[in-house]
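Written below as structure tokens is the structure these notes are about.
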Amino acid sequence: YNGIFLSSDRSTAMLYYRKKVHKMNLYDSWRYFRMFMLCIKPSKAPGIQRREKYIESLRPKGIDYIYVWLLGNNPEIKGLRGLAEIRNLLDEKSIEYNLPVLIETTVERNLKLYQYVGFRIYHHWYDPKEDLNVWFLQRDVKVALDNREKAARIA
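So this note's numbering is basically just the index in the sequence shown, starting at one, shifted up by 2.
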């Protein structure tokens, strides 16, 4: 869906897509199933499928947005260059499409970082069966516009 990004220092990768453009076809379903089978223990599959279905039900309905499906950082590479590039890319896309950006995290220590770059928590869910917290975050277009304005003033 043209939503793969790798930072210039190869420290950070992101998979993202526009919700209204993302349509799963049979080939996509097959690739997703294959990835699932290669990466997940079969005993964990029912719980993960239940959780993913519930998480999907909590995302906004009837609106378009940019969804960050996966965000990964190589812990061996120090620095924030990759994350800064991702923030800038999300700013560009948010302004270009006039859409908010949504992401979820299960890592509590990442909340401060997300909030620092303008995300706000719009929902929190705790799964007692897995002892797992999921935070749902959104960053409005206004944050991207403010970032662009700040960059223009500095330059």
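Quick reminder that beta carbons are idealized off the backbone N, C-alpha and C, glycines included.
Beta-carbon proximity check, residue i vs residue j, cutoff 8 Å
{"i": "M16", "j": "L72", "result": "yes"}
{"i": "N135", "j": "E98", "result": "no"}
{"i": "G81", "j": "N75", "result": "no"}
{"i": "S10", "j": "I79", "result": "no"}
{"i": "E132", "j": "G49", "result": "yes"}
{"i": "L139", "j": "E106", "result": "yes"}
{"i": "V143", "j": "S96", "result": "yes"}
Proximity to residue i [Cα-Cα], best of the options
{"i": "D66", "options": "E58, K21 and G120", "result": "K21"}
{"i": "L147", "options": "E94, Y34 and L28", "result": "E94"}
{"i": "P130", "options": "I105, P77 and R52", "result": "R52"}
{"i": "W127", "options": "V119, Y118, W137 and G120", "result": "W137"}
{"i": "G120", "options": "N90, Y19, S10 and R33", "result": "N90"}
{"i": "Y118", "options": "A154, V145, S96 and K43", "result": "V145"}
{"i": "K63", "options": "C41, R36, S96 and L104", "result": "L104"}
{"i": "L92", "options": "Y29, R141 and A154", "result": "R141"}
{"i": "Y18", "options": "L28, K25 and F7", "result": "F7"}
Per-residue DSSP class, three states only, for residue i
{"i": "R12", "result": "coil"}
{"i": "I123", "result": "strand"}
{"i": "Y67", "result": "coil"}
{"i": "I42", "result": "coil"}
{"i": "V103", "result": "strand"}
{"i": "D30", "result": "helix"}
{"i": "D133", "result": "coil"}
{"i": "I88", "result": "helix"}
{"i": "N75", "result": "strand"}
{"i": "R141", "result": "strand"}
{"i": "R20", "result": "strand"}
Count Cβ pairs between the segment 50 to 61 and the segment 71 to 89 that sit closer than 8 Å; are there 3 or more? Touching, no.
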